[in-house]
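Q: So in the numbering used here, spot 210 of the sequence shown is number 884, and the numbers just go up one at a time. Supplied in structure tokens, the structure appears directly below.
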Amino acid sequence: MSYSAFFYGTLMHPSILRRVIGHSGKDLEICPALLLEHTRHKIKFADYPGVLPYTKSHELFVKSGRGDLPQEDRTVRGTFVKGLNDKDIALLDLFEGNYACLKEYTREEVLIHPLGRLAPLSSTMVPNHSIPSSTPASLSDAATDSYVVPLHAPALPALSALALPLRAQTYIYAGPLTDLSPELWSYADFVRENAWKWVGRGRDADDYYVEVERRQALDGQTLKTEIVDADAAGVPRSAGEENKVVMLEIE
Numbered sequence: 675m676s677y678s679a680f681f682y683g684t685l686m687h688p689s690i691l692r693r694v695i696g697h698s699g700k701d702l703e704i705c706p707a708l709l710l711e712h713t714r715h716k717i718k719f720a721d722y723p724g725v726l727p728y729t730k731s732h733e734l735f736v737k738s739g740r741g742d743l744p745q746e747d748r749t750v751r752g753t754f755v756k757g758l759n760d761k762d763i764a765l766l767d768l769f770e771g772n773y774a775c776l777k778e779y780t781r782e783e784v785l786i787h788p789l790g791r792l793a794p795l796s797s798t799m800v801p802n803h804s805i806p807s808s809t810p811a812s813l814s815d816a817a818t819d820s821y822v823v824p825l826h827a828p829a830l831p832a833l834s835a836l837a838l839p840l841r842a843q844t845y846i847y848a849g850p851l852t853d854l855s856p857e858l859w860s861y862a863d864f865v866r867e868n869a870w871k872w873v874g875r876g877r878d879a880d881d882y883y884v885e886v887e888r889r890q891a892l893d894g895q896t897l898k899t900e901i902v903d904a905d906a907a908g909v910p911r912s913a914g915e916e917n918k919v920v921m922l923e924i925e
């Protein structure tokens, strides 16, 4: 089965997407896109964002004193990716915490508006000489990808002039609202300040990839997840640590 998806956070970075799905994405197409009536928020103590329908995030803005957002601010720029397969989606679900026993995000169908023509994902690589000379050495590997959503995005067209909507899967934040900040998450800030943690030399976010790469190694076998009693299962835990763990088993 073929899927289309809308990515709005770390997965907009082509190198992160490639690592999660475990291949170069030669059969995938990508273009910038827009999701209406949603907002993208910083998650406290995390580099990655969460997206919510504005009907749910409105409470955050009211409590912070900002009140209602104008319609043009209730939009999320991201990337539309076409041609994902079942295995890609299973790995993306795992990466995004979309498993039954412990949901940080839920995968849902949304309508997005493309902001350009589809192009092969493989065309996102650019030569090193295009990297600004001011780029820190730790960011050089991350910066070898050209971003479909540019660091300084052009002005949006009038909402009435948007292209017809397309259906896509995306990951909606399912955690506590109290873990979100009313401050909107910036992809440009992520690339400038935190992308090096996820790709290239010196990355320190490998923990986010552990289960994804374990799943890749299973080569098509599936996993089931279950929350179990740590003591009963004989799983060691530190003093004061909650007596529950998530177990992954091959089916």
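All residues carry an ideal CB built from backbone N, CA and C; glycine is no exception.
Residues bridged to residue 845 by DSSP?
A: 781
Q: Going by C-alpha to C-alpha distance, which of 852, 860 and 861 sits closest to residue 732?
A: 852
Q: I want to know whether the segment 837-844 touches the segment 692-703 - three or more CB-CB distances under 8 Å.
A: The segment 837-844 is not in contact with the segment 692-703.
Q: Alpha carbon to alpha carbon, what distance is there between residue 675 and residue 861?
A: 30 Å
Q: Inspect the beta-carbon positions of residue 771 and residue 725 and report whether they are closer than 9 Å.
A: Residue 771 places its beta carbon 9 Å or farther from that of residue 725.
Q: Compute the Euclidean distance between the alpha carbons of residue 791 and residue 689, then round it to the nearest angstrom.
A: 21 Å
Q: Taking its Cβ as the centre, do 16 or more other Cβ atoms sit within 10 Å of residue 740, making it buried, or is it exposed?
A: With fewer than 16 Cβ atoms within 10 Å of its Cβ, residue 740 is classed as exposed.
Q: So what does DSSP say about residue 693, is it helix, strand or coil?
A: helix
Q: Looking at the secondary structure, which residues open and close the beta strand (DSSP E) in which residue 855 lies?
A: 854-858
Q: Does the beta-carbon distance from residue 854 to residue 712 come in below 9 Å?
A: no
Q: Which residues in the same chain have their Cβ closer than 6 Å to the Cβ of residue 782, if we skip the five residues on either side of it in sequence?
A: 846
Q: With DSSP as the reference, label residue 836 as helix, strand or coil.
A: coil
Q: Going straight from the alpha carbon of residue 828 to that of residue 706, what length do you get?
A: 11 Å
Q: DSSP puts residue 763 in a beta bridge; with which residues?
A: The bridge partners DSSP lists for residue 763 come to none.
Q: Please report the distance separating the alpha-carbon of residue 755 from that of residue 857.
A: 27 Å
Q: Count the other C-beta atoms from every protein chain shown that fall within 10 angstroms of the C-beta of residue 894, then say buried if there are 16 or more, exposed otherwise.
A: In this prediction, residue 894 scores a pLDDT of 47, lower than 50, which makes its location untrustworthy; no coordinate-derived value is stated.
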